[in-house]
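Structure, as structure tokens:
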Amino acid sequence: MERVTKHLKIFGHVQGVGYRAWAVQNATQIGLRGWVRNRSNGSVEAVVTGDEDAVQKFISACYEGPRASKVETISVSDGLDELLSSFEQRETS
């Protein structure tokens, strides 16, 4: 299975609803590495690295998010593997 890295920008009602903690839990459960953070524009940004199927599973789950969220759209592009050993929550950018 090929390893891929994707850069996600998640828009909608995604801050103040536990989205980052939810993303860390879900990414960790399926063996992904990377990070997630809030953006000052109200979106959430993430970089995920792992097997292609696992990354696609995570992206699909991101459209649902935690119960209180309401995702409107997700922008997905190729990302750079930052060689992290886990999936972490980062400071707002």
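In our numbering, the protein residues as written are 1298 to 1390. Note that beta-carbon positions come from the ideal geometry of N, C-alpha and C, so glycine has one too. As the structure is a prediction and not an experimental result, all values here were calculated from the model.
Checklist entry - What does a CB cutoff of less than 7 Å around Met1298 pick up in its chain, not counting 5 residues either side in sequence? => result Against the sequence shown, residue 1298 aligns to sequence position 1. Answer for Met1298: Asp1348, Glu1349 and Asp1350, listed in chain order.
Item to check | Cβ-based neighbour list, Lys1354, same chain, cut-off 8 Å, excluding 5 preceding and 5 following | outcome: Within the sequence shown, residue 1354 is the residue found at index 57, counting from 1. Sequence-distant Cβ neighbours of Lys1354 in its own chain, meaning closer than 8 Å and more than five residues away, are Ile1327.
Item to check | beta strand (DSSP E) segments (min. 3 residues) lying fully within the segment 1337 to 1362 | outcome: For the beta strand (DSSP E) assignment, the uninterrupted runs of no fewer than 3 residues enclosed by the segment 1337 to 1362 are, from N- to C-terminal side, 1341 to 1348.
Item to check | Straight-line gap, Asn1338 to Ala1318 (C-alpha atoms, nearest Å) | outcome: By one-based count along the sequence shown, residue 1338 stands at place 41. By one-based count along the sequence shown, residue 1318 stands at place 21. If you take the alpha carbons of Asn1338 and Ala1318, they lie about 19 Å apart.
Checklist entry - Is DSSP giving Val1311 helix, strand or coil here? => result Counted from its first residue, the sequence shown places residue 1311 at position 14. In the structure shown, Val1311 sits in coil (DSSP, three-state: anything other than H, G, I, E or B).
Checklist entry - Assuming Val1341 and Gln1312 make a contact with CB atoms under 8 Å, what is their CB distance in whole Å? => result Mapped onto the sequence shown, residue 1341 falls at position 44. Mapped onto the sequence shown, residue 1312 falls at position 15. The C-beta distance from Val1341 to Gln1312 rounds to 7 Å, short enough to meet the 8 Å contact threshold.
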